[in-house]
Structures are given as C-alpha cells and as structure tokens.
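Here the structure comes first, spelled out in structure tokens, and everything after it is commentary.
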Amino acid sequence: MSSFRRLAILSLAVAGGLGFLGLPGRTAAQTSHFAFADTTVLRDTLGLHFDHIIEAADSLQRQYGRDLPPDSLRAHIIRYRLPLSRLLVMADSMHVDVDSVGIAIDRERFNPLSANYATNGQTTFKYQSGYTIQKITTSWTNGADFTLQRGTMLLTNSTTIGIDRTNATNGLSIQQNRNSTSQATWRVSRNVSMGGVATLTGYDSEDPGGVSNQQDRTSNFQFTSRSKQMFRRGITSDLNLLAGYLDATNVSSIKRGFSGDFNGHSRVERGDWFSHDFTAGVNGNLSRTRRPTSTITLGTHDLSGGVRGGMQLYQTEPVGLNVNYQARRTTVETPTDADTVNKIITTTASVDATVRIRRNNNRYLNLSGNTGINFSLQGDLHDKGWKAEGRWVQGLWQLDASGGDAIRLSQRPRQNGGGGYDENQDGRQAEVRLERPLSRRLTARITGDIGLDQYRSTARADSASPPTPRDNYQQSYRIEGVYQPMETFNTRVALVVGLIRSINLPSTSTANNTDTRSYRAEWTWSFRLMRGLTANQTNSVESDYEFYPFAPERNDLSIDYNTTTTLDAIITPRLSINLSHNARQQPHGDWRVFPDGSGALLPSDENLNYTLRANVVWTVSPGVSLTLLPEYVATDRTGTTNGVATPQRSARHLALSGGASLDLPLGKNGHLQGDVRRQFSDDRNTTYLSGLPQPSPLAEQDYWVGSLALSWNL
Amino acid sequence: MEPVTLNPRPLTRFALAAALAPALLALLLAGCTNPFTPANPQPPSGDAIVEDFSSIDALLNTMGTAIQTRTTTGADAYIHAFAESTTTGQRAFYAYHDQSVKAFWTSTHLGQSAPEPWPLALERRLHSELSSIRQNDPYIFSWTRDTQQSSDTEIAPDVWLVHIVYKLYATPATSDPVLIVSGFADLLIQQVGSKWSIIEWHDRVDPAYGATNTEVTSFTYQRLSAP
Numbered sequence: 001m002s003s004f005r006r007l008a009i010l011s012l013a014v015a016g017g018l019g020f021l022g023l024p025g026r027t028a029a030q031t032s033h034f035a036f037a038d039t040t041v042l043r044d045t046l047g048l049h050f051d052h053i054i055e056a057a058d059s060l061q062r063q064y065g066r067d068l069p070p071d072s073l074r075a076h077i078i079r080y081r082l083p084l085s086r087l088l089v090m091a092d093s094m095h096v097d098v099d100s101v102g103i104a105i106d107r108e109r110f111n112p113l114s115a116n117y118a119t120n121g122q123t124t125f126k127y128q129s130g131y132t133i134q135k136i137t138t139s140w141t142n143g144a145d146f147t148l149q150r151g152t153m154l155l156t157n158s159t160t161i162g163i164d165r166t167n168a169t170n171g172l173s174i175q176q177n178r179n180s181t182s183q184a185t186w187r188v189s190r191n192v193s194m195g196g197v198a199t200l201t202g203y204d205s206e207d208p209g210g211v212s213n214q215q216d217r218t219s220n221f222q223f224t225s226r227s228k229q230m231f232r233r234g235i236t237s238d239l240n241l242l243a244g245y246l247d248a249t250n251v252s253s254i255k256r257g258f259s260g261d262f263n264g265h266s267r268v269e270r271g272d273w274f275s276h277d278f279t280a281g282v283n284g285n286l287s288r289t290r291r292p293t294s295t296i297t298l299g300t301h302d303l304s305g306g307v308r309g310g311m312q313l314y315q316t317e318p319v320g321l322n323v324n325y326q327a328r329r330t331t332v333e334t335p336t337d338a339d340t341v342n343k344i345i346t347t348t349a350s351v352d353a354t355v356r357i358r359r360n361n362n363r364y365l366n367l368s369g370n371t372g373i374n375f376s377l378q379g380d381l382h383d384k385g386w387k388a389e390g391r392w393v394q395g396l397w398q399l400d401a402s403g404g405d406a407i408r409l410s411q412r413p414r415q416n417g418g419g420g421y422d423e424n425q426d427g428r429q430a431e432v433r434l435e436r437p438l439s440r441r442l443t444a445r446i447t448g449d450i451g452l453d454q455y456r457s458t459a460r461a462d463s464a465s466p467p468t469p470r471d472n473y474q475q476s477y478r479i480e481g482v483y484q485p486m487e488t489f490n491t492r493v494a495l496v497v498g499l500i501r502s503i504n505l506p507s508t509s510t511a512n513n514t515d516t517r518s519y520r521a522e523w524t525w526s527f528r529l530m531r532g533l534t535a536n537q538t539n540s541v542e543s544d545y546e547f548y549p550f551a552p553e554r555n556d557l558s559i560d561y562n563t564t565t566t567l568d569a570i571i572t573p574r575l576s577i578n579l580s581h582n583a584r585q586q587p588h589g590d591w592r593v594f595p596d597g598s599g600a601l602l603p604s605d606e607n608l609n610y611t612l613r614a615n616v617v618w619t620v621s622p623g624v625s626l627t628l629l630p631e632y633v634a635t636d637r638t639g640t641t642n643g644v645a646t647p648q649r650s651a652r653h654l655a656l657s658g659g660a661s662l663d664l665p666l667g668k669n670g671h672l673q674g675d676v677r678r679q680f681s682d683d684r685n686t687t688y689l690s691g692l693p694q695p696s697p698l699a700e701q702d703y704w705v706g707s708l709a710l711s712w713n714l
Numbered sequence: 715m716e717p718v719t720l721n722p723r724p725l726t727r728f729a730l731a732a733a734l735a736p737a738l739l740a741l742l743l744a745g746c747t748n749p750f751t752p753a754n755p756q757p758p759s760g761d762a763i764v765e766d767f768s769s770i771d772a773l774l775n776t777m778g779t780a781i782q783t784r785t786t787t788g789a790d791a792y793i794h795a796f797a798e799s800t801t802t803g804q805r806a807f808y809a810y811h812d813q814s815v816k817a818f819w820t821s822t823h824l825g826q827s828a829p830e831p832w833p834l835a836l837e838r839r840l841h842s843e844l845s846s847i848r849q850n851d852p853y854i855f856s857w858t859r860d861t862q863q864s865s866d867t868e869i870a871p872d873v874w875l876v877h878i879v880y881k882l883y884a885t886p887a888t889s890d891p892v893l894i895v896s897g898f899a900d901l902l903i904q905q906v907g908s909k910w911s912i913i914e915w916h917d918r919v920d921p922a923y924g925a926t927n928t929e930v931t932s933f934t935y936q937r938l939s940a941p
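Chains L and E supply the protein sequences, listed in that same order. With the first letter of the first sequence counted as 1, position 169 gets the number 169 in the working numbering; the numbers rise by one all the way through. With the first letter of the second sequence counted as 1, position 34 gets the number 748 in the working numbering; the numbers rise by one all the way through.
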C-alpha cells in the first residue's frame with residue numbers, strides 16, 4: 001500500500017471521528033494587496049487582535065528601511081500586551097522604533113528623571129530558581145531582583161548565578177556564571193540625579209579535556225550622575241556621567257584602573273517639519289595592566305568615542321528627507337607576550353540619506369544613497385551605493401519595483417599569510433512585482449528579479465594570492481495565483497524559473513564555471529474541513545540542471561519531489577492533535593545532452609524519505625498539560641551502476657516522547673513552571689555490501705529530560 | 715473590509731503616466747549598456763584544476779591535485795574540498811590536532827597559541843604553508859586508505875568516516891623525491907546534494923617519523939606553523 005493511500009485512509013478516519021464536534025474557528029480577512037501574505041499570524045488570539053498587522057508591518061519596514069516582519073510585530077504585541085494602535089502611538093511619542101517600545105518602557109521604569117517616575121514608596125523582591133536536566137547536561141540557575149524606593153531614593157539589585165554541569169566521556173566539566181548589578185540613585189532635583197553603580201561578574205570553567213581552567217573576574221564601581229534639560233519647547237537633552245574604579249582579571253590580562261563614561265543625547269523638534277536626534281559619547285579606562293604570568297605592569301588606555309544622529313525633514317509632506325550618520329573611533333591596548341603594549345585602532349563612519357516622495361501608501365518612491373568607511377586591523381573598507389524602491393497602484397493593478405547598486409573596495413594588508421590585495425565588489429540588483437486580483441476569488445502575481453555581483457582583485461604584495469576574479473549572475477521569475485472559492489478553502493499554484501551563473505574569469509578556473517537552471521512548481525492548499533479541523537498540503541517538484549559550459553561531461557541533474565500534509569485538530573477545548581506526513585524522492589545523476597538537443601538523465605543515486613509525526617496535547621487543567629510526540633522516519637538510498645539500481649543504505653528511526661508540563665501559581669506571590677519528559681528512540685541502519693544487507697545493531701536511547709523553575713515575589 | 719470590484723474606471727492622468735512609464739523605461743534602457751551583463755570568461759587552460767567532488771575518492775583526488783598546484787587556483791580548489799557553513803544547520807569544517815605534535819609544537823613555540831578546533835578560516839593558510847616548504851621543487855601528494863583501520867563507515871546519514879594515510883613529496887630535478895609531510899587522518903566526509911566535502915579532520919602522527927621530527931612533519935605541525 002502506498003504511503004499516499006495510507007495517509008488518505010488515516011485522514012478520512014480522523015475526519016470521520018471528529019465529525020460530530022463543533023468548535024469555533026476563525027480566519028482572517030485581508031485586502032487583495034496582501035493576498036499573498038502569511039495570514040496564519042492573524043489566527044492567534046490572546047485577547048489581542050492583529051487586524052491590519054501585515055499592512056502596518058509593510059508600512060513600518062519602508063519607514064525604517066529595514067526588515068520588520070509581521071510575526072516580529074505580533075511578538076511585541078503579545079509580549080507587552082499592547083494593542084497595535086497603542087504600540088504605534090507609544091512609539092511615536094517616545095521617538096523610538098515600534099520594536100524598541102518594550103525596552104524603552106523597562107528602562108524608564110527605573111529612571112528617576114522620567115515623568116512617569118512614581119514617588120510613592122515601593123519595595124519588591126523577586127526570586128527565581130530553575131533546574132534543567134538533559135541527557136548529559138544539568139543546569140541550575142538562581143536569580144533575585146530587588147527594588148527599594150522611598151521618595152526620591154531608589155535602590156535596585158539584580159543578581160543571577162548559573163551552573164552548568166556536563167558529563168562527557170572525558171569527565172565532568174563545570175561552568176559557572178555570576179552577574180550582579182547594584183544601583184543606588186538619588187534624585188537631587190527635578191532634572192538631576194546622582195548615585196552609584198556596582199557591576200560584578202565572574203566566570204569559572206573547569207574542563208578535564210582543557211589545557212587549563214578559566215577564571216574571569218570583573219568589578220566595576222562607578223559614581224553616576226544623570227541630568228536632563230529642556231532649553232525651550234522642542235529642544236531637549238540629557239547628559240550622563242559615570243566614573244569609577246575598574247578591576248578585570250581574565251586568562252590573558254589583569255587590568256586595574258580608572259574607568260569613565262560620558263554621554264549625552266539631544267533632540268530638536270520644529271513642528272511637524274523638522275526633527276533631529278543627536279547622540280555623542282566617550283568611554284574608556286586608564287589602567288595598569290599585566291599578563292597573569294608576568295611581573296611587568298604596563299600602562300594601557302582604552303578609549304572609544306562616537307557620534308550618531310538622525311534628521312527628518314517634512315515627514316508628513318509629499319516630499320521628505322531622512323539623513324542618518326554615525327562615526328566612531330575605538331582604541332584598545334593589550335599587553336603582548338613580549339610585555340609591550342599592542343594598540344588596536346578601529347574607525348568607522350557612515351552616512352545615508354533618503355528622499356521620500358509619497359502620495360499615499362499605494363503610490364510612493366524612495367531614493368537612497370549611502371557612503372561609509374571602516375578602518376581596522378584586518379584592512380580598510382570603502383562602501384557606497386544607491387537604492388530606489390517604489391509602488392504604484394492603479395485600479396486593481398499593483399506594481400512594486402526596486403533596484404540598487406552597492407560598491408565596496410576592500411583593502412587587505414599582507415599579514416598572517418593572507419591579504420596583500422585590493423578587491424572591488426559591485427553588486428547590482430533589480431526586482432519587479434506585478435499583482436492583480438483577476439476576480440473576487442482569484443489573485444495573480446508575477447515577480448521577476450535579476451542581479452549581478454562582480455569581484456575584481458589586484459595584488460599589492462609580491463606573494464599575495466588574491467581571490468579569483470569572478471561574476472555571480474542570477475535571474476528568476478515567479479508566476480503564482482491564489483484561488484479562494486470560499487472562506488474555508490484556499491489554494492495556491494506557483495511556477496518558479498531561475499538561472500544562477502557562477503563565472504570565474506581566468507583560464508585556470510573557468511573549467512569549474514557552472515550555469516544552474518532551476519524549474520520549480522508548487523501547489524498548496526488549505527481546507528478547514530470543519531470547525532476545529534484544518535488540513536494543509538504542500539506539493540512541489542523541482543529540477544536543478546547544473547551545466548558546466550567548459551566541461552559538458554560533468555553536467556548533472558537533481559530532481560526533488562516533495563509533499564507534506566498536515567492535519568490540525570482541536571478535538572475538545574482541552575485536547576488537540578497535529579498530524580504531519582512528509583514524502584520526498586530525490587533522484588540525481590549525470591545529464592547528457594544529445595546532438596538533437598534532447599537530453600537524458602543517467603541516474604547515479606536516489607533518496608527516498610518518509611516521515612510521520614504527531615503531537616498530542618491534553619490540557620488536564622489550566623496549569624497542567626500532558627504531551628505525546630511519536631515520530632517515525634524511513635530513509636532509503638539506492639545507487640545505480642551501469643544502469644542497474646542496487647540498494648546502498650536504509651535507515652529506520654522510531655522516537656516517542658511523552659511528558660507533562662506545569663504552569664502553576666503558588667499562592668499570590670509564587671509561580672511554578674516545569675516540564676518533564678521521557679525520551680525513547682530506536683534506530684537501525686542497514687548498509688549493503690555487494691547487494692547483501694549488513695544491518696547495524698539496534699541503537700536504543702531511553703532517558704529523562706526536565707526542567708523546573710520557581711519564582712517568588714515578596 | 716472593502717470588497718474588490720472590477721468596474722471599469724475612466725483613464726486618469728496617473729493611469730496615462732503608468733501606461734507611458736514602461737515605454738519610457740524601454741527607451742532609456744535601449745540607449746544604455748545592460749548593467750546586468752556578466753563578463754566573458756577565458757577558455758580553460760591546461761593549468762586548470764577540475765574540481766570534482768562527486769565521490770569520496772574524487773574529493774580526495776581533487777584535494778591532492780590542489781596541494782600540488784601552488785597557485786591561487788590550487789588554494790581555491792583546496793579550500794573548496796572542505797565544508798563551509800553559510801546557513802543555519804550547515805556543518806562547518808574543523809580540524810583536530812595530534813596531541814603529541816601539538817605538545818611538541820607549543821613547547822618549541824613558547825607564547826604562541828595553538829587554536830583547536832582548527833576552523834576553515836585558518837585552514838586557508840595551510841595551502842600556502844605547504845607550498846613554501848620547498849618553493850622550487852614540484853610536489854606530489856598521495857593518499858591511500860589506512861588499512862590498519864576499518865573500511866569506510868557511514869556513521870550518520872550522508873556522513874562517512876574515512877581513514878587515510880597521506881604523504882607529500884618534493885621532487886627536485888637533480889635528486890630523488892624527498893618526503894616532507896607524512897601522517898594519518900580520520901576524516902568525516904559528508905554528502906550534500908551531489909557534493910562531498912570534509913567536515914572533520916582528526917590528524918594522527920606517523921609513528922615512523924614521530925611527533926618531534928621537523929624534516930618529515932604532519933598536517934598538525936604545518937597547520938600550527940602557518941602564520
């Protein structure tokens with residue numbers, strides 16, 4: 001009986017058995033422009049709604065000029081329990097990116113100069129302890145957070161201690177990590193606070209296989225002073241000073257001396273048309289340093305100074321400008337084996353500017369340019385580039401296009417047997433996407449992209465071996481359609497055709513040039529068979545033809561047939577079952593092209609893989625759940641010699657994992673979380689020698705894993 | 715949610731602009747050099763190394779040819795024989811030293827570090843280090859299966875344990891070949907798609923020469939000596 005037939009029968013059995021159940025389900029509505037977006041994020045519920053999250057993520061990505069996927073945005077909404085609209089308002093008022101709102105909230109809680117700083121007294125103490133046991137490793141963590149606030153005085157301490165024990169074949173290794181940060185702050189006036197901070201860290205490692213055990217200690221005691229200023233409406237600043245004593249000991253150096261950090265931030269706003277953020281700071285230490293094995297003490301100075309800023313002009317107007325800049329210079333001095341001081345200097349600077357021409361979210365054009373330098377011990381980098389991206393929606397049509405060019409000059413000095421050359425890189429990219437709903441139920445999209453990366457190098461030293469001059473070219477197009485005849489069913493078909501060319505230029509390397517032509521067809525569907533039961537299937541066929549333009553006898557072909565079927569069932573509000581089956585067949589061999597242009601696959605090997613997994617979760621009570629995870633994997637490989645297929649290897653894997661999870665409140669102040677599981681697996685591999693099976697002994701594993709964590713608030 | 719409609723709309727100036735844009739773009743492109751045209755490669759020469767990684771033997775032969783070819787092409791081909799981790803889940807190459815050779819080397823190179831495991835980034839230095847031992851003499855690299863160990867064993871799906879003996883000879887024009895490198899290696903070799911690559915190299919000293927011999931050395935010694 002084929003695996004597909006077995007799956008069909010299994011699916012029908014599950015569907016029939018669940019036919020009497022009726023449970024609530026939900027699907028996400030979406031605009032046609034986001035018909036291709038991953039809508040599974042909208043199906044999650046924690047009392048929070050995610051309407052328009054995909055559109056918001058799309059808009060924020062354009063504004064920030066970086067990747068911000070919808071699921072990342074959803075994670076912030078869930079973590080901080082803030083609805084999307086509230087999150088956006090807070091990001092705007094706090095002048096931070098949406099994904100930094102939570103960090104800013106946490107930081108402001110303990111900022112005495114914050115406008116929201118509560119002056120009524122509070123005392124909190126939180127203790128956490130956790131123990132985790134794995135097959136050969138155990139971890140024990142302990143931590144405490146303490147906060148004492150009386151009027152304008154604030155005292156905080158955060159301490160964590162972690163111990164990892166690993167039982168390996170060469171003995172027991174132990175790692176200990178200890179961190180403690182204590183801070184005392186007094187708000188002297190409305191805009192000034194003073195205090196002190198003590199940061200203590202320790203790391204110990206004992207490894208029987210290691211050359212020597214490792215012990216790191218760092219102690220940093222600093223006086224702190226923070227102030228904020230508002231010169232007039234729209235102009236604010238804050239200044240921070242930390243200065244004190246540093247004592248750091250590790251395997252390579254012992255360092256003691258004076259440490260300091262002075263930094264500030266200012267913001268200037270003028271109505272809606274202008275804003276400028278500027279941050280500058282300098283930190284470092286003046287120390288006496290020596291190697292642990294040396295008696296000679298050296299004077300070392302570490303210094304790091306930098307500025308960064310961002311200016312926005314006419315953000316709400318049809319034409320706006322964004323400029324960001326940064327510069328930093330770092331000097332680090334370390335003792336050498338010859339008891340001299342080695343100075344390492346790193347310098348970076350960059351600026352980028354973006355002109356935004358925007359009619360609305362459906363019609364805009366962004367033009368960006370950037371330039372930057374990076375000077376370090378490894379060499380110098382000079383970057384420059386430009387990028388353009390735009391969207392035009394006309395009626396039912398949506399056109400997205402982007403393109404750019406990134407140019408880098410790398411100057412590598414001759415050192416350690418490498419370097420001694422300059423390399424120029426030039427990477428050009430362009431992408432166009434056209435989308436249109438063809439009817440109320442059918443949407444089509446065409447995507448095309450093209451790119452060329454060129455690498456050219458010039459030797460600057462006699463013995464240098466610069467990288468091979470080469471070009472990497474790629475082009476592809478994708479045609480896909482989504483059909484959703486009803487709310488409970490949708491299907492998608494896609495065809496992807498691609499070409500990747502790896503082109504070495506000199507004659508000594510061109511024999512290995514390749515042109516890889518890929519053809520991929522996909523068909524996926526999702527069907528909510530009934531409330532609480534959804535079936536999904538993905539089928540794909542991919543052929544990769546690898547051509548060697550100068551060595552056609554090495555041409556080969558890889559084919560990949562893949563199908564994955566999943567059933568997600570919520571049988572009762574407390575019992576859910578997820579069933580997944582995957583079948584994959586991958587023939588491979590030489591590809592011969594005949595004089596008439598036709599070709600044939602000369603098979604050399606073929607892999608067959610079948611996987612069946614299930615995940616059964618029974619929530620016994622709101623704080624206790626039981627889980628069962630069975631898995632079966634069958635793998636077979638055959639090789640073909642002189643047209644005769646013979647088995648080479650087969651493997652069978654059966655695994656079963658079952659256990660319980662706890663999430664229990666202990667009174668008003670305590671919380672207990674834990675997980676304990678028994679893991680069992682059986683593996684047997686069979687190799688074939690001259691066609692005769694050589695089975696390996698049955699490999700069995702059976703062990704417990706678990707974790708328990710207790711937290712207590714006083 | 716606003717329903718999608720297919721009602722025809724009058725042609726606006728924006729629609730006109732959108733319709734003319736492709737024609738304008740085509741005219742602009744026609745007058746320019748295609749920025750996505752790759753360069754034309756030179757035809758292959760006799761110095762080329764055919765990088766064949768289609769089997770374990772082909773992989774080791776390619777590695778040997780690369781060591782014999784003391785040029786950038788040889789260095790590139792050599793490093794291509796080892797696994798590189800470019801995405802999550804891919805295994806990267808690491809070499810593990812012979813401990814007796816490592817102890818000897820550290821005792822004679824006081825204060826210098828002996829990185830272990832030895833990553834791919836450092837392995838690049840080995841090719842130029844080997845090339846510099848006898849700069850004026852051609853090389854011959856040979857490898858054979860270590861018959862004192864078990865035959866090739868598949869220890870995990872698509873991962874094989876292979877034991878080899880390796881030797882590198884310098885062949886001066888006026889004298890007999892001189893053995894300059896000799897050792898044993900327990901290799902873990904993986905197959906990803908159609909390409910085989912080395913993911914672990916556990917080096918073992920050749921007892922015929924010992925750990926303290928500096929005339930006939932092992933890969934461990936050469937790796938640690940690579941600047």
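No residue lacks a Cβ here, since even glycine has one placed at the ideal position from N, Cα and C. Computed from a prediction, not measured in an experiment: that's the story for all the values here.
| task | Spell out whether any CB of chain E is found under 8 angstroms from the CB atom of L/Ser376. | result | Within the first sequence, residue 376 of chain L is the residue found at index 376, counting from 1. No, its Cβ sits nowhere closer than 8 angstroms to a Cβ of chain E.
| request: Might you give, ordered along the chain, the residues of its own chain that have their beta carbon closer than 8 angstroms to the beta carbon of L/Ser690, omitting 5 neighbours on each side? | output: In the first sequence, the residue the question calls residue 690 of chain L occupies position 690. If we look at L/Ser690 and ignore the five residues flanking it on each side, it has no Cβ neighbours.
| request: List the endpoints of the continuous beta strand (DSSP E) containing L/Tyr484. | output: Here residue 484 of chain L refers to the residue found at position 484 when the first sequence is read from its first residue. Note that residue 484 of chain L corresponds to Gln in the displayed sequence, not to Tyr. 470-486 is the span of the beta strand (DSSP E), which, as asked, contains L/Gln484.
| Given 8 angstroms as the limit, is there contact between the segment 250-268 of chain L and the segment 232-239 of chain L, that is, 3 or more CB pairs closer than that? | yes
| query | Start and end of the beta strand (DSSP E) containing L/Trp386? | reply | Position 386 of the first sequence, counting from 1, holds the residue named residue 386 of chain L. Taken as a continuous stretch (DSSP letters only), the beta strand (DSSP E) holding L/Trp386 covers 379-394.
| said: What residue range does the beta strand (DSSP E) around E/Ala931 cover? | reply: As a first step, residue 931 of chain E must be located in the second sequence, where it is residue number 217. The sequence shown places Thr at residue 931 of chain E, rather than the Ala named in the question. Looking at the DSSP string, E/Thr931 is not in any beta strand (DSSP E), and its letter there is neither H nor E.
| request: Give the single residue among L/Thr159, L/Asn513, L/Asp683, L/Ile161 whose Cα lies nearest to the Cα of L/Glu715. | output: Only positions 1 to 714 of chain L appear in the structure, and residue 715 of chain L is not among them; the question remains open.
| Sequence-distant residues of the same chain with beta carbon closer than 6 angstroms to L/Phe221, five excluded per side | Sequence index remark: in the first sequence, residue 221 of chain L carries index 221 (1-based). So the list reads Ala198, Gly244, Tyr245, once near-sequence residues are dropped.
| field | Neighbourhood of E/Asp771 by C-beta distance below 8 angstroms, restricted to the same chain and skipping five residues each side | value | Here residue 771 of chain E is taken as the residue at index 57 of the second sequence, counted from 1. None.
| said: Using a Cβ-Cβ cutoff of less than 6 angstroms, which residues in the same chain neighbour L/Tyr314 once the five nearest sequence positions on both sides are dropped? | reply: For the purposes of this step, residue 314 of chain L is taken as residue 314 along the first sequence, with counting starting at 1. For L/Tyr314, same chain residues with a beta-carbon under 6 angstroms away, outside a window of 5 residues either side, are Trp273, Gly320 in chain order.
| request: Report back the beta-carbon spacing between L/Asp560 and L/Ser518 to the nearest angstrom; my notes put them in contact at under 8 angstroms. | output: As a first step, residue 560 of chain L must be located in the first sequence, where it is residue number 560. As a first step, residue 518 of chain L must be located in the first sequence, where it is residue number 518. Contact doesn't hold; Cβ gap of about 10 angstroms is too wide.
| field | Inter-residue Cα distance where the pair is L/Arg79 and L/Gln122 | value | On the first sequence, residue 79 of chain L is found 79 positions in, with the first residue counted as 1. On the first sequence, residue 122 of chain L is found 122 positions in, with the first residue counted as 1. Taking the CA atoms as reference points, L/Arg79 sits about 24 angstroms from L/Gln122.
| field | Reference L/Arg456; option with closest CA among L/Ile450, L/Thr468, L/Gly448 | value | In the first sequence, the residue the question calls residue 456 of chain L occupies position 456. The residue with the shortest Cα to Cα distance from L/Arg456 is L/Thr468.
| request: Kindly list the residues whose CB is nearer than 6 angstroms to the CB of L/Gln454, restricted to its own chain and excluding five residues on each side of it in sequence; keep chain order. | output: Looking up residue 454 of chain L in the first sequence gives position 454. Excluding sequence neighbours, L/Gln454 sits near Asp426, Asp471.
| Per-residue DSSP class, three states only, for L/Lys135 | For this step, residue 135 of chain L is matched to residue 135 along the first sequence. Three-state result, L/Lys135: coil.
| query | By a C-beta neighbour count over all protein chains shown, 10 Å radius and 16 as the cutoff for buried, is L/Leu505 buried or exposed? | reply | Here residue 505 of chain L is taken as the residue at index 505 of the first sequence, counted from 1. By the 10 Å Cβ count, L/Leu505 comes out buried.
| request: Would you identify the three-state DSSP class for L/Trp712, choosing helix, strand or coil? | output: Stepping through the first sequence from its first residue, residue 712 of chain L is reached at position 712. Note: L/Trp712 maps to strand in three-state DSSP.
| By how many angstroms is the C-alpha of E/Trp915 removed from the C-alpha of L/Tyr131? | In the first sequence, the residue the question calls residue 131 of chain L occupies position 131. In the second sequence, the residue the question calls residue 915 of chain E occupies position 201. Linking L/Tyr131 to E/Trp915 through their CA atoms gives a straight-line distance of about 37 angstroms.
| query | Rounded to whole angstroms, how far is the Cβ of L/Asp568 from the Cβ of L/Thr534, which I believe are closer than 8 angstroms? | reply | Your numbering for residue 568 of chain L matches position 568 in the first sequence. Your numbering for residue 534 of chain L matches position 534 in the first sequence. Sure, about 5 angstroms apart at Cβ, within 8 angstroms.
| Which runs of the beta strand (DSSP E) spanning at least 3 residues fall entirely within the segment 52-135 of chain L, listed in chain order? | If we require 3 residues or more, the beta strand (DSSP E) runs fully inside the segment 52-135 of chain L come out as 122-133.
| CA nearest to the CA of E/Val774, picked from E/Gly803, E/Ser864, E/Ile913, E/Pro891 | By 1-based counting over the second sequence, the position of residue 774 of chain E is 60. One point to set straight first is that residue 774 of chain E is Leu, not Val, in the sequence displayed. Closest option to E/Leu774, Cα to Cα, is E/Ile913.
| Inter-residue Cα distance where the pair is L/Gly706 and L/Asn615 | In the first sequence, residue 706 of chain L corresponds to position 706, counting from 1. In the first sequence, residue 615 of chain L corresponds to position 615, counting from 1. Rounded to whole angstroms, L/Gly706 to L/Asn615 spans 18 angstroms at the Cα level.
| Quick one, which residues of the segment 424-450 of chain L are near chain E if we go by CB-CB under 8 angstroms, in chain order? | Arg428, Ala430, Pro437, Ser439, Arg440, Ile450
| According to DSSP, residues forming a beta bridge with L/Ala184 | Against the first sequence, residue 184 of chain L aligns to sequence position 184. Bridge partners of L/Ala184: L/Leu155, L/Gly196.
| Span of the beta strand (DSSP E) around E/Gly788 | Taking the second sequence and counting its residues from 1, one reaches residue 788 of chain E at position 74. Note, E/Gly788: premise wrong, no beta strand (DSSP E); alpha helix (DSSP H) at 786-794.
| said: As an exercise, report each continuous beta strand (DSSP E) stretch of at least 3 residues that is fully enclosed by the segment 491-544 of chain L, in chain order. | reply: For the segment 491-544 of chain L, whole beta strand (DSSP E) runs of length 3 or above, ordered along the chain, are 514-530.
| query | Sorted by chain position, which residues of the same chain lie with C-beta nearer than 8 angstroms to E/Tyr812's C-beta, five sequence neighbours on each side aside? | reply | Taking the second sequence and counting its residues from 1, one reaches residue 812 of chain E at position 98. Here residue 812 of chain E is Asp; the residue named in the question, Tyr, does not match the sequence. For E/Asp812, where only same-chain residues beyond five positions count, the Cβ hits under 8 angstroms are Gly897, Asp917, Arg918, Val919, Ala925, Ser932, Thr934.
| field | CB of L/Asp339 within 8 angstroms of CB of L/Ser410, strictly | value | The sequence position of residue 339 of chain L within the first sequence is 339, counting from 1. The sequence position of residue 410 of chain L within the first sequence is 410, counting from 1. Against a cut-off of 8 angstroms, the Cβ pair of L/Ser410 and L/Asp339 comes out as no contact.
| task | Please classify E/Asn850: does DSSP put it in a helix, a strand, or coil? | result | Counting from 1 along the second sequence, the entry for residue 850 of chain E is found at position 136. If DSSP states are grouped into helix, strand and coil, E/Asn850 belongs with coil.
| request: Pair every Cβ in the segment 329-339 of chain L with every Cβ in the segment 351-368 of chain L, then say whether three or more of these pairs are closer than 8 angstroms. | output: Not touching, per the Cβ criterion.
| task | Return the CA-CA distance between E/Thr867 and L/Gln378, expressed in angstroms with no decimal places. | result | Counted from its first residue, the second sequence places residue 867 of chain E at position 153. Counted from its first residue, the first sequence places residue 378 of chain L at position 378. Looking at the two C-alpha atoms, the distance is approximately 41 angstroms.
| Taking DSSP as the reference, what is the three-state secondary structure of L/Thr45? | The residue given as residue 45 of chain L occupies position 45 in the first sequence. Low confidence applies here, because L/Thr45 scores a pLDDT of 43, under 50, leaving its location unreliable; read the following figure in that light. Note: L/Thr45 maps to coil in three-state DSSP.
| In whole angstroms, what separates the C-alpha of L/Asn536 from that of L/Ser526? | As a working note, residue 536 of chain L is residue 536 in the first sequence. As a working note, residue 526 of chain L is residue 526 in the first sequence. Rounded to the nearest whole angstrom, the C-alpha separation of L/Asn536 and L/Ser526 is 4 angstroms.
| First and last residue of the uninterrupted beta strand (DSSP E) at L/Asp261 | Numbered from 1 along the first sequence, position 261 holds the residue referred to as residue 261 of chain L. Here the beta strand (DSSP E) through L/Asp261 covers 254-270.
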